[in-house]
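What follows is a single structure, written as structure tokens, with notes after it.
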Amino acid sequence: MPLPTGDTIGILTDNLRLRRSVLPIPVESAIRWTKGLNLPRGGKRVLYTGLMYQLIPYIEDLVEAQTKLGDSWLAGLTGVGRRMNRLINVAAFLAHPSKQEQEAYDRIPRNVALLLQRAGVEFGSLYEDDLYSGALAYDLGADEALRAHAQKVYAALKKHGVQEVVTIDPHTTNMLRSVYPALIEDYDIRVRNYLEVLAEAEMLPHHRLEGDVAIHDSCVFARYEGVVAQPRLLLEGAGLTLCEPHHAGTMTWCCGGPVESLYPQKAAQQAERRVEELHAVADRGVTMCPLCYVNLQKAAQDRMRFDDISDYLLQAYEG
Amino acid sequence: MTVLTPDLVDQVRENAEFNASACMNCGVCTAICPLGSEHLPRGIFRYVLLGMKEELLKQQETVFSCLLCKMCEVNCPAGVHIVENVRTLRHYFDRQAFGL
Amino acid sequence: MSERKIGVYVCHCGGNISDYVDVDRVVDAVKGEEDVVVARTAMFTCSDATQQEIYDDIQQLGLDGLVVASCSPKLHTFTFRGVAKRAGLNPFLYTQVNVREQCSWAHTDDHAGATEKAIRLVRAGIARTRLLEPLEPTVVETVPKTLVIGAGIAGLRAALGLADIGLSVVVVEREAEVGGWVRRLGPMYPHDKVGADLIRQLESEVRRRENIALFTSAEVVRKAGSFGNYMVDIKTHGQSSMTMQLQVGSIIVATGFDTYQPEEGEYGYGIEGVVTLPEYRAMLDAGEGPLIHHGRVVQSVAYVYCVGSRQGDGGPHQYCSRFCCSAAVHSALLLHRRDPAAHQYHLYRDMRTYGRYELMFLESRDKGSLYLKFPEDEPPAVQRGTDGRLLVTVRDQLTDQSEVQIPVDLVVLVTGMVPRENEELVQALKLPVGRDGFFNEIHPKLRPVETVVDGVAICGACQFPKNASESVASGLAAVTQSAAMLKRGRAELDPQVAAVDPELCSDCGTCYGICPYGAISPRDLTTGKRVAAIDPATCKGCGGCAPECPERAINLQGYTRAQILAMIDGLTKEVV
Chain S
121 MPLPTGDTIG ILTDNLRLRR SVLPIPVESA IRWTKGLNLP RGGKRVLYTG LMYQLIPYIE
181 DLVEAQTKLG DSWLAGLTGV GRRMNRLINV AAFLAHPSKQ EQEAYDRIPR NVALLLQRAG
241 VEFGSLYEDD LYSGALAYDL GADEALRAHA QKVYAALKKH GVQEVVTIDP HTTNMLRSVY
301 PALIEDYDIR VRNYLEVLAE AEMLPHHRLE GDVAIHDSCV FARYEGVVAQ PRLLLEGAGL
361 TLCEPHHAGT MTWCCGGPVE SLYPQKAAQQ AERRVEELHA VADRGVTMCP LCYVNLQKAA
421 QDRMRFDDIS DYLLQAYEG
Chain C
10 MTVLTPDLVD QVRENAEFNA SACMNCGVCT AICPLGSEHL PRGIFRYVLL GMKEELLKQQ
70 ETVFSCLLCK MCEVNCPAGV HIVENVRTLR HYFDRQAFGL
Chain U
10 MSERKIGVYV CHCGGNISDY VDVDRVVDAV KGEEDVVVAR TAMFTCSDAT QQEIYDDIQQ
70 LGLDGLVVAS CSPKLHTFTF RGVAKRAGLN PFLYTQVNVR EQCSWAHTDD HAGATEKAIR
130 LVRAGIARTR LLEPLEPTVV ETVPKTLVIG AGIAGLRAAL GLADIGLSVV VVEREAEVGG
190 WVRRLGPMYP HDKVGADLIR QLESEVRRRE NIALFTSAEV VRKAGSFGNY MVDIKTHGQS
250 SMTMQLQVGS IIVATGFDTY QPEEGEYGYG IEGVVTLPEY RAMLDAGEGP LIHHGRVVQS
310 VAYVYCVGSR QGDGGPHQYC SRFCCSAAVH SALLLHRRDP AAHQYHLYRD MRTYGRYELM
370 FLESRDKGSL YLKFPEDEPP AVQRGTDGRL LVTVRDQLTD QSEVQIPVDL VVLVTGMVPR
430 ENEELVQALK LPVGRDGFFN EIHPKLRPVE TVVDGVAICG ACQFPKNASE SVASGLAAVT
490 QSAAMLKRGR AELDPQVAAV DPELCSDCGT CYGICPYGAI SPRDLTTGKR VAAIDPATCK
550 GCGGCAPECP ERAINLQGYT RAQILAMIDG LTKEVV
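Written out as structure tokens, the structure reads:
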């Protein structure tokens with residue numbers, strides 16, 4: 121089935137416009153990660169998830185439903201129709217990830233929150249106002265939808281008196297730090313990624329980790345945001361032996377993730393080639409982006425295991 | 010035989026950035042693309058600059074399957090903002106082909 | 010002939026020679042030659058150490074002849090003449106034998122043959138040297154005045170340069186107005202100064218100087234005499250037509266160029282709206298705002314590059330005209346300045362906007378100029394479109410080799426420079442003309458403005474295509490060359506020139522017409538006998554006259570009949 125690119129982009133822009141996310145998810149799923157952390161609501165500095173990790177189980181669920189058809193999860197939505205989607209949140213019917221699946225991803229923002237606390241950083245959360253950044257709309261050239269959405273994000277930040285945002289994933293970092301200033305007049309939010317914050321904090325590890333791990337740089341971190349040294353500093357500080365694949369650092373190779381929404385087969389091919397490169401240098405890999413994680417782990421199957429960088433860091437630096 | 014449309018680049022650009030004038034057709038972008046896309050990006054940029062609209066519209070899949078990974082951009086000896094141009098092209102397709 | 014003492018030095022040239030020529034065998038073969046008192050090899054004969062060795066040999070062994078077998082005489086003749094002179098030996102008692110270009114480099118596949126040839130050449134050199142006699146350079150007094158031919162930007166600037174040094178200058182311009190091509194130009198790159206203003210400024214400076222005389226509508230019709238002391242006839246046209254004779258020490262030729270005129274039908278030339286680069290430039294320089302051509306706004310322009318240049322085998326203009334890429338790009342910027350909305354397509358073979366002009370090339374691309382590269386064997390075609398516009402068809406090698414059609418309002422043929430027809434001047438000055446039709450310098454790197462005619466320098470675009478700044482730079486180089494010679498007040502000329510033995514001369518007149526430099530004229534001796542006489546300052550030592558003389562009265566000094574015959578004997582002697 122030829123991919124209805126136009127419909128696909130239409131649906132996600134509708135979602136962004138009507139439901140403030142390309143793939144709308146229930147509020148309780150979005151904020152579950154904050155449970156027990158006692159984070160203040162808002163404040164000068166907040167930890168901002170951009171929903172990237174919370175969205176993954178929903179996407180995975182849709183992907184599973186769609187792989188049988190050889191199409192993307194967004195293409196599945198288009199099957200139902202853009203007109204219908206405007207009235208009903210189609211995704212809510214199609215995706216029902218289990219609690220277990222969701223908690224696997226809620227763990228990551230929680231890891232980050234604990235690490236930041238360990239580093240002595242004070243911060244709050246926006247809870248239900250922690251909105252999706254619009255990264256996918258930006259990538260697909262849906263400029264008008266993005267522009268409107270960015271205003272909503274900015275309004276939410278302003279409403280809670282936020283001056284500084286600490287981000288987790290590379291895409292949200294890039295959107296809030298490098299894209300928004302061009303979209304929003306007098307944009308004045310300071311944006312730092314938690315890896316940058318932690319690297320500056322010069323923490324000492326409580327537990328030394330051992331072994332080889334292949335490092336997979338995110339394209340957006342390495343080539344858009346200049347985050348290359350920080351993850352290495354932190355992981356090596358934790359005691360790990362980092363194994364650099366053939367394409368590494370600013371010359372890193374993409375996981376294929378960015379085209380997953382439109383051309384899943386191309387994404388899978390690229391992920392396969394990348395896994396081969398990583399597998400050539402180590403049996404386990406570390407990622408820094410949820411999209412990289414999902415794509416690479418799916419391609420690797422049982423060949424190698426990937427972990428998010430925050431899992432390693434929490435093991436090493438947790439008090 | 011293609012008759013050139015002189016203002017295609019203006020249609021593509023609208024208010025966004027599209028600048029490939031520094032491109033010297035060296036081909037580094039094509040060679041280094043992890044997807045190995047035959048047409049991306051210098052060939053497609055030429056279509057835009059010259060005004061080869063029909064040829065451009067045939068390139069929808071190539072334009073939308075770009076990873077936006079910037080491998081080409083950081084290695085471009087002419088400093089072309091390749092990825093920004095691709096986004097602008099997507100926006101053009103959104104308007105032109107999908108009526109968004 | 011009394012016994013001579015000759016030293017022979019055979020060079021390895023690092024290996025350039027000795028890799029192919031067995032230099033030891035050469036030395037062995039010639040050291041027994043009559044009059045040779047020392048023969049040896051050297052790694053680099055031109056090195057200070059070997060020069061010192063030769064110097065010592067001359068002094069200690071009392072050498073009175075020197076043979077150096079190494080590279081071309083073009084390279085080191087003056088080096089070894091200098092060694093001889095320092096050691097007290099007349100520098101003309103030395104022979105240079107070329108065993109590099111003529112032996113090792115020419116016969117890399119035949120070591121034995123190359124060696125044998127070297128032996129023969131060295132023997133010939135020894136044979137000549139045995140018969141050499143000391144010569145003294147001809148010294149002439151120089152007139153402190155320079156004739157500048159052509160009052161374009163190069164000639165005008167050269168005239169001012171000479172005047173600043175304190176020489177008198179006569180400027181002769183064929184046209185009624187000075188300034189040449191630059192006078193017709195509007196804003197020029199990179200300073201945006203208008204060409205006409207530059208010329209006005211130069212002209213007023215020139216007219217203000219007391220030591221510069223400027224003649225317009227005037228031509229040089231004849232030159233006589235020799236370096237340092239030329240007599241030139243200048244003819245003025247117009248109402249007061251007259252011929253005047255001037256005495257000058259040196260001459261600077263700055264006669265400029267012509268632009269290539271396309272044939273009817275060449276890239277559509279002749280169709281309404283197809284113009285040459287100078288025609289287009291004139292349109293751009295007149296007026297402001299969008300360009301109007303025949304009552305219509307020019308919304309799009311196609312430039313076809315290399316028209317009349319790089320014509321390949323068979324074409325008369327095989328060279329790259331150098332200035333036109335930059336000039337066309339600059340014109341595109343001028344149009345963009347007048348009308349930013351204009352679409353500009355550049356159809357090129359190779360862009361050669363060298364040096365800082367590259368920035369202009371970049372700027373034009375930034376401002377929307379598009380560059381399409383066409384294959385050499387498939388040039389663009391220009392035809393009249395149905396709507397009164399022009400249709401250019403071109404294959405773009407940068408876009409999948411696609412053949413595209415561009416509807417445009419104007420086609421600019423980017424025409425290059427061609428040599429200016431100036432046969433009379435060439436004849437009058439005996440100027441050396443290259444195969445491409447431009448005037449030739451002696452050496453493009455080492456003597457870039459001098460010609461083989463002593464005291465006659467060339468500059469500007471009569472030499473090869475140059476832009477205005479390059480023309481002025483070469484004009485000032487010519488100033489330095491001229492002034493350096495004239496300020497000395499005297500000049501030493503090579504004495505290896507032809508001379509007539511008045512005893513033998515029968516005044517048959519054969520040689521008068523043969524000399525390409527007009528150095529031979531009849532002279533009446535006090536005895537009443539009329540003989541041919543050669544002016545040593547005019548003679549170039551080409552030797553053309555010597556074999557023509559039926560009485561064998563002419564000898565080229567340094568290459569006399571006896572010396573040549575001896576060399577032939579040396580060459581033909583059996584190599585054992």
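Chains as they are written, first to last, in our numbering: chain S, 121 to 439; chain C, 10 to 109; chain U, 10 to 585.
Each residue gets a CB set at the ideal place from its N, CA and C atoms; glycine is no exception.
- Item | Nearest-angstrom Cα separation, counted from U/V148 out to U/T140 | It is worth fixing the name first, because residue 140 of chain U is Leu in this sequence and not Thr. Their backbone Cα atoms lie some 24 angstroms apart in a straight line.
- With a CB to CB cut of under 8 angstroms and the five nearest residues on each side skipped, what residues in its chain are close to C/P43? L76, C78 and M80
- Query: Alpha carbon to alpha carbon, how far is U/V203 from U/A295?
  - Reply: Cα-Cα distance, rounded: 12 angstroms.
- Query: In or out: U/K126 buried (at least 16 other Cβ within 10 Å) or exposed?
  - Reply: buried
- Task: Compute the beta-carbon to beta-carbon distance between U/Y276 and U/L422, rounded to the nearest angstrom, for a pair I have assumed lies under 8 angstroms.
- Result: 5 angstroms
- Message: Please classify U/L70 as buried or exposed, where buried requires at least 16 neighbouring CB atoms within 10 angstroms.
- Response: exposed
- Message: I'd like to know whether the C-beta of S/C374 is nearer than 9 angstroms to at least one C-beta of chain C.
- Response: yes
- Query: Quick one: is U/C517 buried, meaning 16 or more other Cβ sit within 10 Å of its Cβ, or exposed?
  - Reply: exposed
- Would you list, in sequence order, the uninterrupted alpha helix (DSSP H) runs of no fewer than 4 residues that lie entirely inside the region 279 to 360 of chain S? DSSP runs (the alpha helix (DSSP H)) wholly in the region 279 to 360 of chain S: 290 to 294, 300 to 303, 314 to 321 and 349 to 357.
- Is the region 390 to 407 of chain U touching the region 256 to 270 of chain U, taking contact as three or more C-beta pairs under 8 angstroms? These segments do not touch.
- Item | At least three beta-carbon pairs within less than 8 angstroms, the region 333 to 344 of chain U to the region 190 to 201 of chain U | yes
- Opening and closing residue of the alpha helix (DSSP H) in which U/Q320 lies: Where U/Q320 is concerned, there is no enclosing alpha helix (DSSP H), given that its DSSP letter is neither H nor E.
- Item | beta-carbon U/A542 near the ligand SAH non-hydrogen atom, thresh 8 angstroms | The ligand content of the structure shown is nil, which means the ligand SAH is not present either.
- Query: Between the beta-carbon of S/H280 and the beta-carbon of S/L246, is there less than 9 angstroms?
  - Reply: yes
- Mapping DSSP to helix, strand and coil, what is U/C20? strand
- Can you list the alpha helix (DSSP H) stretches of 4 or more residues lying completely in the region 22 to 64 of chain U, in chain order? 32 to 39
- Query: From S/P122 to S/C409, what does the alpha carbon distance come to, in whole angstroms?
  - Reply: Only weak support is given to the placement of S/P122: the predicted model assigns it a pLDDT of 39, under 50, and the value that follows is read from those uncertain coordinates. So the alpha carbons of these two residues sit roughly 29 angstroms apart.
- List the residues of chain U that C/T11 touches, going by C-beta distances under 8 angstroms, in chain order. Here the neighbours are S411, E412, V413 and Q414.
- Item | For U/G170, the first and last residue of its enclosing alpha helix (DSSP H) | I162 to I174
- Alpha carbon to alpha carbon, how far is U/M10 from U/G522? Unreliable positioning characterises U/M10 in this predicted model, as indicated by a pLDDT of 47, which lies under 50. A coordinate reading is not provided.
- Query: Can you list, in chain order, the stretches of the alpha helix (DSSP H) that have 4 or more residues and sit fully within the region 388 to 441 of chain U?
  - Reply: 432 to 438
- Give the DSSP-derived three-state secondary structure of U/Y328 in the structure shown. coil
- Message: If you follow the alpha helix (DSSP H) that U/H352 is in, where does it begin and where does it stop?
- Response: In the DSSP assignment, U/H352 falls outside any alpha helix (DSSP H) and lies within the beta strand (DSSP E) extending over H352 to Y357.
- Can you find at least 3 beta carbon pairs, one from the region 498 to 512 of chain U and one from the region 561 to 569 of chain U, that sit closer than 8 angstroms? yes
- Residue from S/C339, S/L157, S/T128 and S/R425 whose Cα sits closest to the Cα of S/H367: S/C339
- Exposed or buried, what is S/L324 when buried is set at 16 or more other beta-carbons lying within 10 Å of its beta-carbon? Answer is exposed; the Cβ neighbour count stays below 16.
- Task: Would you give the residue range spanned by the beta strand (DSSP E) that U/P531 belongs to?
- Result: I529 to D533
- Message: If you reduce the DSSP assignment to three classes, tell me which class U/L455 lands in.
- Response: coil
- Taking 9 angstroms as the cut-off, decide whether the C-beta atoms of U/C514 and U/G553 are in contact. Result no, Cβ atoms of U/C514 and U/G553 do not sit closer than 9 angstroms.
- Task: Per DSSP, which residues does U/A311 bridge with? Please list them.
- Result: U/Y354 and U/V420
- Message: Strictly below 7 angstroms CB to CB, what residues from chain C border U/S309?
- Response: P15
- Using only alpha-carbon positions, find the residue among U/P511, U/A528, U/S27 and U/K475 that is nearest to U/V191. With distances taken between Cα atoms, U/V191 lies closest to U/K475.
- Message: Buried or exposed for U/C20, going by 16 or more other Cβ atoms inside 10 Å?
- Response: buried
- Query: How is the alpha helix (DSSP H) around U/S177 delimited, first residue to last?
  - Reply: Segment S177 to V181 is the beta strand (DSSP E) holding U/S177; no alpha helix (DSSP H) there.
- Task: Would you grab the beta carbon distance between U/L344 and U/E372 for me? Rounded to a whole angstrom, and I think it's under 8 angstroms.
- Result: That pair is no contact at about 13 angstroms.
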